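These notes concern the structure reproduced below.
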Amino acid sequence: MDNTQENKSADGKKSNSGTKQPITACLLSAAFFGALGSSFLYGYNLSVVNAPASYIKAFYNKTWIERYGEPIGAESVTLLWSITVSIFAIGGLVGALCVSLIIKVLGRKGTLLLNNSFAVVAALLLSLGEKSHSFEMLIIGRLIMGVDSGIALSALPMYLGEISPRHIRGFIGQFNSILICLGVFTGQVLGLPELLGQESRWNYLFAFLALPALLQLCVLPFLPESPRFLLMERKDEAAAERAFQRFLGKKDVSQELEEVHAEARAQVNLNTITVLQLLRNPAVRWQLITVIITMASYQLCGLNAIWYYTNGILREAGFAENILPYITLSTGAIETLAAIISGLVIERIGRKPLLIFGFSAMAVFFSLLTVFLNFQNTMSWMPYLSYICILAVIASFCSGPGGIPFILTGELFEQSYRPAAFMIAGTVNWLSNFAVGLLFPFIQEALQTFAFLVFVVVCILASIYLYIILPETKNKTFVDISQSFAKINKIPVPTPSQEMELVLSITPEKNGKVQDVTKMESSF
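One point on numbering: in this note's numbering, the residue at position 201 of the sequence shown is 270, and numbering is uninterrupted.
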């Protein structure tokens, strides 16, 4: 591409979108190692407690006898185990509520680095709990690991969205989803009896938590901070320019800097918006509603409930109990494969079609699964069809709904709104997660095999809403995305004269920092 001044001016955006820069090692390293110490650990913790469940319950009983001289009651051990599992979601909610403040102080990269300390402390508590004869250490360790995941699922998508060129923002953002699925699969593999799923080795399953965190600590400090954060919040244009140069692998990043300046000019307030201000602002009302509905659907679409039936269906199909762990590896493998394929095609197909396809396909396969479960005992081959439906539901989820909600939360909001938006999205995510865990056993008891019809309704409603409301965000700037909501938010798009007034209100300082010359007030 010709690097003349003409190409950097009025039609610069068009020229840039036509000539796509190659993905740099710096950008890939930031995406992979950022996700490895963050979303990978979240996925790993979703599956790692399944294999050693019986051994952990035995440890609870042994510790109880040592303390009180009698075996623990069945109800007490069930309660302790339920707390151990569910307190992870409570920790996640705490992390989501804290993330906005931490990001404001430490930045995106700094928050990810600090978060590793939670993972290391949790790994120590969980792995040393048995040796210390303390089941409280396991419960506290799960709580801290939940805090780590709550912070990670907000800070990481924010970081990935801000360091990526817009033509591959979805691809880089899907590293979050891919590493979640890879974490789930890794937990399943390491939990096999031949590896760490033994009574003498289950501690090492939790000690493993420290490894991805330490790997991230070794690499991420040498990678740049988000250039958008540096320019718009730290007002350090020189550092932002260096960050863009490293992430994009080119010296001339004037067009990228101008894009960030344009976003700054379009914002009424350059200061970080609070959650209350975000909730009250009519200019982002439908963006917020969309993120809340999408994130709630991410948890309420029924994927978590699938695991309740998987082993039972495999037993009905005649598989021996001792080979069930190996067959269920297929669920983790399908998850990971579908997430990778989604990451490869997201910039070609777009966010909106993948989300609608994922939720719609889940509705179809949940409906088929309901039919097959009701005829489970009539034909010998019916359980195999049920299991195929389970795999199809998992693949449909990971094709779009499993990762794109996190990408959208970063894309639908401009810089000053983003931390508060992720805080709200994270809160909805973890509360919905907790609600499914709490309510599904009652739904299942009342509806039996028809329980999945509840999720069919959720998936259909999510698909309809997204089809009507959500604009496509592929290859658009954050300002363009915000303006595509202007009509539904009943906010007029600024005229050229108003845009020029905003341009003149911000000028660069000689020392490379951005200076706000006037108090920018909304004239539109």
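Note that beta-carbon positions come from the ideal geometry of N, C-alpha and C, so glycine has one too.
Quick caveat, the model's predicted, so the values are computed rather than measured.
query                                                                                                                                                                          : result
Among the residues of its own chain, which have a CB less than 7 angstroms from the CB of Val118, if the five just before and after it don't count?                            : Val154
Round the Cβ separation of Ala365 and Ser501 to the nearest angstrom and send it over; I've been treating them as touching at under 8 angstroms.                               : 5 angstroms
In chain order, what residues of the same chain lie with their CB nearer than 7 angstroms to the CB of Leu229, ignoring the 5 residues before and after it?                    : Ala100, Gly103, Ile241, Gly242, Phe244 and Asn245
Taking all protein chains shown into account, do 16 or more other C-beta atoms lie within 10 angstroms of the C-beta of Ile249, making it buried, or fewer, making it exposed? : buried
Could you pull out every unbroken beta strand (DSSP E) segment of at least 3 residues lying fully inside the region 149 to 191, listed in chain order?                         : none
Mapping DSSP to helix, strand and coil, what is Val440?                                                                                                                        : helix
Using the beta-carbon count (16 or more within 10 Å), is Gly142 buried or exposed?                                                                                             : exposed
Between Phe316 and Pro293, is the Cβ-Cβ spacing less than 8 angstroms?                                                                                                         : yes
Rounding to the nearest angstrom, what Cα-Cα distance links Ala326 and Lys304 in this structure?                                                                               : Here residue 326 turns out to be Leu, not Ala, going by the sequence shown. Their backbone Cα atoms lie some 12 angstroms apart in a straight line.
How long is the line joining the alpha carbons of Phe277 and Ala192, rounded to whole angstroms?                                                                               : 7 angstroms
Count the other CB atoms, across all protein chains shown, that sit within 10 Å of the CB of Ser116; report buried if there are 16 or more and exposed otherwise.              : buried
Mind checking whether Leu460 and Ile403 have CB atoms under 8 angstroms apart?                                                                                                 : yes
My understanding is that Pro540 touches Ser553, with C-beta atoms under 8 angstroms, so please give their C-beta distance in whole angstroms.                                  : 4 angstroms
Quick test of the definition: if touching needs 3 or more C-beta pairs under 8 angstroms, does the region 169 to 178 touch the region 120 to 136?                              : no
Is it the case that the Cβ atoms of Ile560 and Pro226 are separated by a distance below 8 angstroms?                                                                           : no
Taking just the CA atoms, how far does Phe491 sit from Ser429?                                                                                                                 : 26 angstroms
Checking 8 angstroms against the spacing of the C-beta atoms, do Gln90 and Lys319 come in under that value?                                                                    : yes
So the alpha helix (DSSP H) Ser223 belongs to, where does it begin and stop?                                                                                                   : Phe204 to Ile232
What does a CB cutoff of less than 6 angstroms around Asn373 pick up in its chain, not counting 5 residues either side in sequence?                                            : Val505
With a CB to CB cut of under 8 angstroms and the five nearest residues on each side skipped, what residues in its chain are close to Pro394?                                   : Ala120, Gln257, Gly260, Leu261, Pro262 and Gly266
What's the call for Ser485, buried or exposed, on a 16-neighbour Cβ count within 10 Å?                                                                                         : buried
Taking the Cβ atom as the reference point for each residue, do Ile431 and Ser465 lie within a distance shorter than 8 angstroms?                                               : The sequence given here places Met at residue 431; Ile does not occur at that position. Their beta carbons are under 8 angstroms apart, which means Met431 touches Ser465 by this criterion.
Rounded to the nearest angstrom, how far is the Cβ of Leu423 from that of Ser468, given a contact under 8 angstroms?                                                           : 6 angstroms
Along the chain, where does the alpha helix (DSSP H) containing Tyr129 start, and where does it finish?                                                                        : Ala122 to Tyr137
Taking only runs of the alpha helix (DSSP H) that begin and end inside the region 423 to 471, which ones reach a length of at least 4 residues, in chain order?                : 451 to 468
Which two residues bound the contiguous alpha helix (DSSP H) that contains Pro474?                                                                                             : Ile473 to Glu480
Flag this pair as yes or no: are the beta carbons of Glu416 and His236 separated by less than 8 angstroms?                                                                     : yes
Please identify the residue among Ala188, Glu205, Leu182 and His330 whose C-alpha is closest to the C-alpha of Asn130.                                                         : Glu205
Check whether the Cβ of Phe475 sits closer than 7 angstroms to any heavy atom of the ligand NAD, and report yes or no.                                                         : Absent from the structure shown: the ligand NAD. Ligands present: none.
At which residue ranges does the region 260 to 337 contain complete alpha helix (DSSP H) runs of 4 or more residues, listed in the order of the chain?                         : 271 to 276, 279 to 288, 296 to 301, 306 to 317 and 323 to 335
For Glu231, which of Ile557, Lys556 and Lys545 has the nearest alpha-carbon?                                                                                                   : Lys545
Check Thr546 in the structure and name its three-state DSSP category.                                                                                                          : coil
Which class does Glu390 belong to by DSSP, given the choice of helix, strand or coil?                                                                                          : helix
Would you mind working out which of Ser186, Leu197 and Ile152 sits nearest Leu212, comparing C-alpha positions?                                                                : Ile152
Could you give the residue range of the alpha helix (DSSP H) that holds Leu369?                                                                                                : Arg354 to Leu369
Under the rule that 16 or more other beta-carbon atoms within 10 Å means buried, what is Leu329, buried or exposed?                                                            : The sequence as given places Val at residue 329; Leu does not occur at that position. Buried, by the Cβ-count rule.
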